[in-house]
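Q: In this note's numbering, the protein residues as written are 166 to 514. Don't be surprised by glycine CBs; every beta carbon is placed ideally from N, CA and C. Note that the coordinates shown come from a computational prediction; the quantities given were computed from them, not determined experimentally.
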């Protein structure tokens, strides 16, 4: 009989419920309990899913046997919940951003390494068919040596001055980086590598804390360079969010978004033809035991369960989560000081 990953989920908002439904649908998981500080949410979710429910992680951990914890709470609680869980020997999947603070993110990562806990952060766009396929093609060398990685992320989440309630809500979602922004930055790092130096310009159109328009030039440690264009105040991008990568190598170019991959190659390589080609997301094989909502979510959770059950390091790891948190800080620092900076990046252990 196949071994199952016994899991508890803390935070029964939208993403917590999505994770719970997927965990119930995948044979790799056994959903043990749900946790939410709002007792009504915990009770209703537990009843709907047919599992036990608790108002605190501490109570659940002392009452139930489970191997792993999924953290789907607002990011401000990730540090406390994540470090407590790994110190108790739990494996942990945590939603993005990991901590919203690179110092805390690194402490979480080191605590997990010390205890031998396997940890993953919820940057699910790595599992989306087009971006996953693009990564495979780049690593197969179809474009030659990668030289440039550009990123564009547009939304219209903020197109008016802040009200008090709005400000609190945005802070709980990591300001203007909390929606698509950190997903895009994670993809940028996934393709480009660790940042060596950058120069950013930032503008606060409606915000009082974090910038809502960001433009940056970055040189990565491996010599690749790229531009990032991020904005949350672009009117009209309500139901048509834009997240796209533009990649150039020594023998080809590739544009990648959620719908398709557009590519031009100077020569045939790896089964890809010379000249222009177009790969739609619907043409890329996508096999999962249980599909629900976003196309990458099931694969993401399958990957976490497989990593833990096989004793392999998950990806994206908490160290990857640290890198994104550090990149956000570097973008703000460079933009605030109008300077070129070389962000200090701590090594993984």
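With contact counted as at least three CB pairs below 8 Å, one residue from each stretch, are the region 285 to 295 and the region 479 to 494 in contact?
A: yes
Q: How far does the beta strand (DSSP E) with residue 411 in it reach, from first residue to last?
A: Segment 407 to 414, the beta strand (DSSP E) holding residue 411.
Q: How would you label residue 211, buried or exposed, when you count the other beta carbons within 10 angstroms and need 16 or more for buried?
A: buried
Q: Tell me the rounded alpha-carbon separation between residue 473 and residue 229.
A: When rounded, the separation of the alpha-carbon atoms in residue 473 and residue 229 is 19 Å.
Q: Just to check my reading of the structure: residue 443 and residue 425 have Cβ atoms closer than 8 Å, yes? What is that Cβ distance to the nearest angstrom?
A: 6 Å
Q: Between which two residues does the beta strand (DSSP E) harbouring residue 396 extend?
A: Boundaries of the beta strand (DSSP E) around residue 396: 390 to 396.
Q: Runs of 4 residues minimum, wholly inside the region 261 to 300: which ones carry the alpha helix (DSSP H) assignment?
A: Counting only runs of 4 or more, we get 267 to 280.
Q: If we call anything under 7 Å between Cβ atoms a contact, is residue 299 one with residue 421?
A: yes
Q: Verify whether the separation of the beta carbon atoms of residue 231 and residue 172 is less than 7 Å.
A: yes
Q: So, residue 260 versus residue 180, is the Cβ gap smaller than 7 Å?
A: Taking C-beta atoms as the reference points, residue 260 and residue 180 count as a pair closer than 7 Å.
Q: Spatial neighbours of residue 380 within its chain, please: CB distance less than 6 Å, with the 5 preceding and 5 following residues excluded, ordered by chain position.
A: 366 and 394
Q: Residue 485 to residue 264, Cα distance in whole Å?
A: 12 Å
Q: How about residue 282 and residue 251: do their beta carbons lie closer than 7 Å?
A: Yes, the Cβ-Cβ distance between residue 282 and residue 251 is below 7 Å.
Q: Check residue 472 in the structure and name its three-state DSSP category.
A: helix
Q: Relative to the C-alpha of residue 521, which residue among 428, 456 and 452 is closest?
A: Any property of residue 521 remains undetermined from this structure, which presents the chain solely from 166 to 514.
Q: Tell me which same chain residues have a C-beta within less than 6 Å of the C-beta of residue 513, skipping the five on either side of it?
A: 484
Q: If you count every other CB in all the chains shown that lies within 10 Å of the CB of residue 218, and 16 or more means buried, which is it?
A: buried
Q: Rounded to a whole number of angstroms, what is the C-alpha to C-alpha distance between residue 492 and residue 266?
A: Rounded to the nearest angstrom, the two C-alpha atoms are 10 Å apart.
Q: Compute the Euclidean distance between the alpha carbons of residue 296 and residue 349, then round it to the nearest angstrom.
A: 11 Å
Q: Measuring only the C-alpha atoms, how far is residue 465 from residue 292?
A: 6 Å
Q: Can you name, in chain order, every residue of its own chain whose Cβ lies under 6 Å from the Cβ of residue 111, other than the five neighbours on each side?
A: Here the chain covers residues 166 to 514 and nothing more, so residue 111 does not appear.
Q: Buried or exposed, going by whether 16 or more other CB atoms sit within 10 Å of the CB of residue 388?
A: Burial check for residue 388: the Cβ neighbour count within 10 Å stays below 16, so the residue is exposed.
Q: Do you know offhand how far residue 399's Cα is from residue 170's?
A: 42 Å
Q: DSSP three-state call for residue 208: helix, strand or coil?
A: helix
Q: Please classify residue 294 as buried or exposed, where buried requires at least 16 neighbouring CB atoms within 10 angstroms.
A: Its Cβ being crowded by 16 or more others within 10 Å, residue 294 is buried.
Q: Among the residues of its own chain, which have a CB less than 8 Å from the CB of residue 505, if the five just before and after it don't count?
A: 362, 363, 364 and 499
Q: Compare the C-alpha of residue 373 against each of 326, 302, 200 and 496 and name the closest.
A: 326
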